[in-house]
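Trainee: Under our numbering, the residue at position 203 of the sequence shown is numbered 708, and the numbers go up by one with no gaps. Ideal placement from N, C-alpha and C gives every residue a C-beta, glycine not left out. Got a structure for you, questions after.
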Amino acid sequence: MTASPAAAPAPDAPAPRRFPALRRLFRDKLAIAAAFILILLIAAAILAPWLAPNDPYLTNTRLRMLPPVWEARGRWQFLLGTDGLGRCMLSRLLYGLQATMLMGVIATAIGGSIGIVLGLISAFYRRLDGLIMHMSDILLSFPAILLGLAFAAVVGPGMTAVVVSLAIATIPTVVRVTRASALVVMGQDFIEAGRSIGLTDGTLLVRYLALNCISSVFVYLTLRFGQVILLGSALSFLGLGAQPPIAELGTMASAGRNELFLAPHISVIPSLVIVVLVLCANLLGDALRDMLDPRLRHG
506 MTASPAAAPA
516 PDAPAPRRFP
526 ALRRLFRDKL
536 AIAAAFILIL
546 LIAAAILAPW
556 LAPNDPYLTN
566 TRLRMLPPVW
576 EARGRWQFLL
586 GTDGLGRCML
596 SRLLYGLQAT
606 MLMGVIATAI
616 GGSIGIVLGL
626 ISAFYRRLDG
636 LIMHMSDILL
646 SFPAILLGLA
656 FAAVVGPGMT
666 AVVVSLAIAT
676 IPTVVRVTRA
686 SALVVMGQDF
696 IEAGRSIGLT
706 DGTLLVRYLA
716 LNCISSVFVY
726 LTLRFGQVIL
736 LGSALSFLGL
746 GAQPPIAELG
756 TMASAGRNEL
766 FLAPHISVIP
776 SLVIVVLVLC
786 ANLLGDALRD
796 MLDPRLRHG
């Protein structure tokens, strides 16, 4: 009795592609570099009290306007030089980065949260759609700088006025983005199926509508964060934001404009940090949009 030949092993099935969106993101070297720099900036802002080599508010007029260490008169004690009052630029830069990023996060979080709720309600309850969108149009007609001027006139210049004005300026755009995404989801069959089996409006809003819209809204908020940082720094540059001696990037850039030809580093360095911060947020937001938007997927 001859033994039957062993069956040939079946070819291995191709391994399923897991997390294709993350694979696309990791292939984008520019986005990875932007995310890495953004993480470094966030870590520097959080660890500012431990990383700052000197007291950011200690003045010494004998050391005013020292250049960075790579120039002839630079000192290793002040790696990025000193400002017009002899304060350490590196220490003030770290604390200023903390204040600027905190301002951006709070304004984006408050404005984004209110905008998401209103956008979902506008798409789900059609009888309220007209009222909410009219309110959004009214808010959208006021530039953020004008809102900052109005709040500064009422409550006085400071971080509170900037955060409130930027949060209000964020609401209408988030409402529009959320509503547009929610209207697409509202046309899907599972919404009607959920209603037919008796799910409450709260369950449909949170578990079905909000969760299916969150990716596109999150991408927009990432882009909006960069815009909020830029607008907040502009308001601080105009004197409406953080008041001296508080360290904030826009205020620091404004403080050095009178010494721009004698000590350009006082304005240039915080301005460059603002540019890098906004650029990294925009690059990361674009990459997330390409990753999560099915119309832009390429593999």
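Excluding five sequence neighbours on each side, which residues of the same chain lie with their C-beta closer than 7 Å to the C-beta of residue 788?
Mentor: So the qualifying residues of the chain are 535, 536, 539.
Trainee: Relative to the C-alpha of residue 607, which residue among 730, 768, 743 is closest?
Mentor: For the residues 730, 768, 743, the minimum Cα distance to residue 607 belongs to 730.
Trainee: Provide the residue span of the alpha helix (DSSP H) that contains residue 603, from first to last.
Mentor: Run containing residue 603: 594–629, per the alpha helix (DSSP H) assignment.
Trainee: So residue 583 packs on residue 571, CB below 8 Å; how close in whole Å?
Mentor: Confirmed, about 6 Å.
Trainee: If we ignore side chains and look at the alpha-carbon of each, how far apart do residue 566 and residue 775 end up?
Mentor: Straight-line Cα distance between these residues: approximately 21 Å.
Trainee: Within the same chain, show all residues whose beta-carbon is closer than 7 Å to that of residue 778, passing over the 5 residues directly before and after it, in chain order.
Mentor: Around residue 778: 598, 602, 754.
Trainee: Taking only three categories from DSSP, how would you classify residue 794?
Mentor: Residue state, collapsed to three classes: helix.
Trainee: For residue 615, which residues from the same chain have a beta carbon less than 7 Å from its beta carbon, with the 5 sequence-adjacent residues on both sides left out?
Mentor: Contacts found: 672.
Trainee: Count the other CB atoms, across all protein chains shown, that sit within 10 Å of the CB of residue 770; report buried if there are 16 or more and exposed otherwise.
Mentor: Burial call: buried.
Trainee: How would you label residue 738, buried or exposed, when you count the other beta carbons within 10 angstroms and need 16 or more for buried?
Mentor: The residue is buried, with at least 16 neighbouring Cβ atoms inside 10 Å.
Trainee: Assuming residue 543 contacts residue 786 (C-beta within less than 8 Å), just tell me the rounded distance between them.
Mentor: So it is a contact: roughly 7 Å between Cβ atoms.
Trainee: Three or more beta-carbon pairs under 8 Å between the segment 672–692 and the segment 636–647, yes or no?
Mentor: Yes, since at least three Cβ pairs between the segment 672–692 and the segment 636–647 fall closer than 8 Å, the two stretches touch.
Trainee: Given residue 668, which residues of its chain have a CB within under 7 Å of its CB, disregarding the five upstream and five downstream residues?
Mentor: Counting only Cβ-Cβ distances below 7 Å, and skipping sequence neighbours, we find 608, 611, 612.
Trainee: State the DSSP-derived secondary structure class of residue 766, mapped to helix, strand or coil.
Mentor: In the structure shown, residue 766 sits in coil (DSSP, three-state: anything other than H, G, I, E or B).
Trainee: What would DSSP say about residue 785, mapped onto helix, strand or coil?
Mentor: It is helical.
Trainee: Output the distance between the C-alpha atoms of residue 748 and residue 628, rounded to the nearest integer angstrom.
Mentor: If you take the alpha carbons of residue 748 and residue 628, they lie about 41 Å apart.
Trainee: Contact check, residue 759 vs residue 765 under 8 Å by CB: the rounded distance?
Mentor: In fact, because the Cβ distance is near 11 Å, the residues do not count as touching under 8 Å.
Trainee: If you run the structure through DSSP and keep just helix, strand and coil, what is residue 583?
Mentor: Here residue 583 sits in strand by DSSP.
Trainee: So does the segment 683–696 actually touch the segment 648–661, counting three or more Cβ pairs closer than 8 Å?
Mentor: As far as the Cβ criterion goes, the segment 683–696 does not touch the segment 648–661, which means the pair count is below three.
Trainee: What are the complete alpha helix (DSSP H) segments, minimum 4 residues, inside the segment 646–682?
Mentor: You should have 649–660.
Trainee: Starting from residue 726 and walking both ways along the alpha helix (DSSP H), at which residues does that stretch end?
Mentor: Residues 716–742.
Trainee: Three-state secondary structure (DSSP) at residue 703?
Mentor: Three-state result, residue 703: coil.
Trainee: Residue 592 and residue 561 look like a contact to me (Cβ under 8 Å); what is the Cβ gap, rounded to whole Å?
Mentor: Rounded, the Cβ-Cβ distance is 6 Å, consistent with contact.
Trainee: With DSSP as the reference, label residue 635 as helix, strand or coil.
Mentor: In this structure, residue 635 counts as helix in the three-state DSSP scheme.
Trainee: Inspect the CB distances between the segment 706–724 and the segment 651–666 and report whether three or more fall short of 8 Å.
Mentor: Cβ pair count under 8 Å is below three, so no.
Trainee: Please report the straight-line C-alpha distance between residue 724 and residue 693, rounded to a whole angstrom.
Mentor: Spanning the two alpha carbons is a distance of roughly 22 Å.
Trainee: Assuming residue 722 and residue 621 are in contact, meaning their beta carbons sit under 8 Å apart, how far apart are those beta carbons, in whole angstroms?
Mentor: Confirmed, about 6 Å.
Trainee: Using a Cβ-Cβ cutoff of less than 7 Å, which residues in the same chain neighbour residue 568 once the five nearest sequence positions on both sides are dropped?
Mentor: 587, 591.
Trainee: Alpha carbon to alpha carbon, what distance is there between residue 707 and residue 604?
Mentor: C-alpha separation (whole angstroms): 37 Å.
Trainee: Among the residues of its own chain, which have a CB less than 6 Å from the CB of residue 454, if the five just before and after it don't count?
Mentor: Residue 454 lies beyond the stretch modelled for the chain, which goes from 506 to 804, so this question has no answer here.
Trainee: Compute the distance between the beta-carbons of residue 618 and residue 559, then report whether it is under 8 Å.
Mentor: No. Outside cutoff.
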